[in-house]
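Chains as they are written, first to last, in the numbering used here: chain Y, 1 to 339; chain D, 1 to 339. In this text, a Cβ means the ideal position worked out from N, Cα and C, and glycines have one as well. All figures in this text were calculated on a predicted structure; none of them were measured in a lab. Report on the following structure.
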DNA sequence: TGCGGTCGTGTTATCGATAACAATGACATG
DNA sequence: CATGTCATTGTTATCGATAACACGACCGCA
């Protein structure tokens, strides 16, 4: 506290400690060359005065904000929450903070969000997926910071990418269904334009089955993402009405799969006898549902962790730009009783 | 882009547009008094140059960071995710961004997180719960910004509070159990020290039942929060082993309730015939489980929205300090088939 | 004793935008 | 025509910390 009642600045702490501002500045950093005695003294005085270090002023001079920006579709989705957690954990040890934005699965909101995030001058930016508006892509290309696209395997990444092919994930489930001997298939998912990754999974699933001569795959398309249990339940009703002969259905998310399975059961079907159900995402609910639901684990936490580790490396050693541009995170098929 | 390859600053845009830096600054703000023609011209030039406004430099001069800090236990919990979403939605329209931190339910990490958040000079800070370390409380008291404690009804709030009494939420469920005619009760939850709100719910639940002469209430205590499906399942096994005569159990969260119910079913019990199960949180899974799970909806999104609205009001009109300090968000009992 | 090196500390200029104030021109009004 | 008002634009100092440089004290070693 200063005499005039304004919050204390570093200079006020310096005055109180009888040293120069520069010495206080050094005391607040780990690398600062100050004698231990002085540092303790200064920090104690600062604490007593209620001094709070001003990161904003610091970043103006150092040009280091300590921010890693990340843009995800939604934070209510456990998968993206896991990715953010993995990222945060990986970068926190290196004095980096995560600046989070979400788009509610709207591409134009992504552009706006990226614009907003970049104004904070993050040291790196992580986005979800490889599909962006042209303007958004330009923003990322011009940003002069590491750009990481996650949850996807973009054919032309802006910078780096950490993720997997959602189409292949869809194929994995198709292979599993084929191996189990099912014949008539369906896919429950959301509207095409909003969730490009969900659409890619559907494409892979359908392509593989039709290539095996097991088409057509019936598509049940619900509203905008996120597609959750209530949509799954609605999709289940629609499916039984339109294509009651279906034997196995993949859902775009585990939430939807759970909702669909519950609805099938309510309507008297036995799972997997009358209908096999699978999801995507390895939500916790899938493991504890009865029957437990077959799913694909995208290893969301690992995606975040890997992206975080990559960022730390790029920031510490900018020369490492030569390394490979894509980190493949293999999704895992988790077979359970529902198929 | 400047001639030397460094990112352009406002002065570079000004030079390119043949105006002063100040005019460019004004063009970038909604209130700036610049002729429309000039503004369009300037913005177009800025865009073409790839200029990105530097929010950090701006905030140093204006002393407005545009940040609202929020500290939650976890972002994987759908309840807190909803609160953050409600908050973000409420403040976004007023040019405020949410700076998010989470503590993994560790009180000492909360202190550290608050310290870190405050260094960014947020314009307001929102924390979860009313229990903090002494140092954390001091930090909040000295911060000279609006402080809002959520998800609780602190007896001595630091500043404002938005939430409900978790003890009363526990009592609500006890009342419901009593009305349904159950006699032998249990509560499945986490370790005491880490989740004060969960503990409060348990306390209310137990107190009410014992006051009605329906004790003792058996407590099944698992590990550290978050307490999810796997803990619920484990708790269910423990409960059947130690107190098989139990008729109705409340779980600290819906995740745990779902896991417990599944496990009871796996072990051959019928719900609610052999065992009634209730949760807390109104997770989507509860509505689609079979049977659907009775729960308490804390209206998490409303909590966030209300806190956001309050902040906007306090920042716009600092004189409104006189208004009431607590906004009560009533939790709703949602009775379903599991009880 | 003299020299170079290290350690701890101080001085000055600076990061990029903007508040506060000043100045200009256009137009209205008496 | 003089004066006032308004809208628009420019000039200067500044927010709070720190990089870069300078400097003195002290050390070891020849």
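By the criterion of Cβ-Cβ separation under 8 Å, what are the contact partners of residue i in chain Y?
| i | result |
| --- | --- |
| residue 119 of chain D | 52, 53, 54, 55 |
| residue 258 of chain D | 285, 288 |
| residue 265 of chain D | 290 |
List the residues of chain D that residue i touches, going by C-beta distances under 8 Å, in chain order.
| i | result |
| --- | --- |
| residue 262 of chain Y | 288, 289, 290 |
| residue 84 of chain Y | 75 |
| residue 7 of chain Y | 144 |
| residue 100 of chain Y | 98, 100 |
Out of the options, point me to the one whose CA is closest to residue i's CA.
| i | options | result |
| --- | --- | --- |
| residue 335 of chain Y | Y/291, Y/324, Y/300 | Y/291 |
| residue 318 of chain Y | Y/123, Y/65, Y/274 | Y/123 |
| residue 185 of chain Y | Y/299, Y/191, Y/106, Y/173 | Y/173 |
| residue 119 of chain D | D/187, D/60, D/249, D/310 | D/60 |
| residue 295 of chain Y | Y/278, Y/168, Y/309, Y/306 | Y/278 |
| residue 229 of chain D | D/252, D/8, D/239 | D/252 |
| residue 135 of chain D | D/155, D/22, D/107, D/159 | D/107 |
| residue 76 of chain D | D/104, D/42, D/56, D/183 | D/104 |
| residue 257 of chain Y | D/284, D/260, D/200 | D/284 |
| residue 26 of chain Y | Y/48, Y/6, Y/58 | Y/58 |
| residue 47 of chain D | D/244, D/68, D/13, D/55 | D/13 |
| residue 367 of chain Y | D/55, D/66, D/311, D/100 | The structure shown does not extend to residue 367 of chain Y, since chain Y is modelled only from 1 through 339, so no value can be given for it. |
| residue 241 of chain Y | Y/149, Y/218, Y/7 | Y/218 |
| residue 203 of chain D | D/168, D/287, D/146, D/298 | D/168 |
| residue 200 of chain Y | Y/309, Y/166, Y/147, Y/275 | Y/166 |
| residue 216 of chain D | D/206, D/305, D/164, D/114 | D/206 |
| residue 18 of chain D | D/43, D/63, D/223 | D/43 |
| residue 309 of chain Y | Y/90, Y/82, Y/300 | Y/90 |
| residue 231 of chain Y | Y/243, Y/259, Y/212 | Y/259 |
Would you call residue i buried or exposed, if buried means 16 or more other Cβ atoms sit within 10 Å of its Cβ?
| i | result |
| --- | --- |
| residue 282 of chain Y | buried |
| residue 88 of chain Y | buried |
| residue 179 of chain D | exposed |
| residue 267 of chain Y | exposed |
| residue 330 of chain Y | exposed |
| residue 40 of chain D | exposed |
| residue 121 of chain D | buried |
| residue 183 of chain D | exposed |
| residue 36 of chain Y | exposed |
| residue 208 of chain Y | buried |
| residue 29 of chain Y | exposed |
| residue 22 of chain D | exposed |
| residue 95 of chain D | exposed |
| residue 300 of chain Y | buried |
| residue 265 of chain Y | buried |
Since residue i meets chain Y, which of its residues come closer than 7 Å, beta carbon to beta carbon?
| i | result |
| --- | --- |
| residue 81 of chain D | 75, 76, 81 |
Would you mind telling me which residues of chain Y sit closer than 9 Å to residue i, beta carbon to beta carbon, in chain order?
| i | result |
| --- | --- |
| residue 409 of chain D | Residue 409 of chain D lies beyond the range of chain D shown here (1 to 339); nothing can be said about it. |
| residue 106 of chain D | Within 9 Å Cβ-Cβ: nothing; residue 106 of chain D doesn't reach chain Y, min ~13 Å. |
What residues of chain D sit near residue i, judged by a beta carbon separation below 7 Å?
| i | result |
| --- | --- |
| residue 146 of chain Y | Within 7 Å Cβ-Cβ: nothing; residue 146 of chain Y doesn't reach chain D, min ~15 Å. |
| residue 268 of chain Y | Those do not exist, as residue 268 of chain Y stays about 12 Å from chain D at its closest Cβ, beyond 7 Å. |
* **Residues of the segment 157-175 of chain D whose Cβ lies closer than 7 Å to any Cβ of chain Y, in chain order** => Those would be none; no residue qualifies.
* To do: Return the residues of the segment 58-78 of chain D that lie within a Cβ-Cβ distance of less than 8 Å from chain Y, sorted by chain order.
  => Residues of the segment 58-78 of chain D with a C-beta atom less than 8 Å from some C-beta of chain Y are 59, 60, 65, 75, 76, 78, listed in chain order.
* Asked: If you measure beta-carbon to beta-carbon, which residues of the segment 225-237 of chain Y are closer than 9 Å to chain D?
  -> Hits within the stretch, in order: 228, 229, 230, 232, 233.
* Completely contained alpha helix (DSSP H) runs for the segment 37-98 of chain Y, where each covers 4 or more residues -> Qualifying alpha helix (DSSP H) stretches, in chain order: 55-62, 78-92.
* Asked: In chain order, which continuous runs of the alpha helix (DSSP H) of length 4 or greater are located wholly inside the segment 220-246 of chain D?
  -> The DSSP assignment places 229-242 as complete runs of the alpha helix (DSSP H) inside the segment 220-246 of chain D, in order along the chain (cut-off: 4 residues).
* Asked: Taking only runs of the alpha helix (DSSP H) that begin and end inside the segment 267-337 of chain D, which ones reach a length of at least 4 residues, in chain order?
  -> Taking 4 residues as the minimum length, the alpha helix (DSSP H) runs contained wholly in the segment 267-337 of chain D are 284-288, 300-316, in order along the chain.
* Asked: Using Cβ-Cβ distances below 8 Å, what residues of the segment 296-314 of chain D are close to chain Y?
  -> Within the segment 296-314 of chain D, no residue has a Cβ that lies closer than 8 Å to any Cβ of chain Y.
* Give, in chain order, every unbroken run of the alpha helix (DSSP H) that is at least 4 residues long and sits entirely within the segment 101-181 of chain Y. => Inside the segment 101-181 of chain Y, DSSP marks whole alpha helix (DSSP H) runs of 4 or more residues at positions 107-118, 134-142, 166-180, from first to last along the chain.
* To do: Give, in chain order, every residue of the segment 184-196 of chain D whose Cβ lies closer than 7 Å to some Cβ of chain Y.
  => The segment 184-196 of chain D vs chain Y, Cβ under 7 Å: nothing.
* **the segment 245-257 of chain D: positions lying closer than 9 Å to chain Y by Cβ** => Here the close residues are 255.
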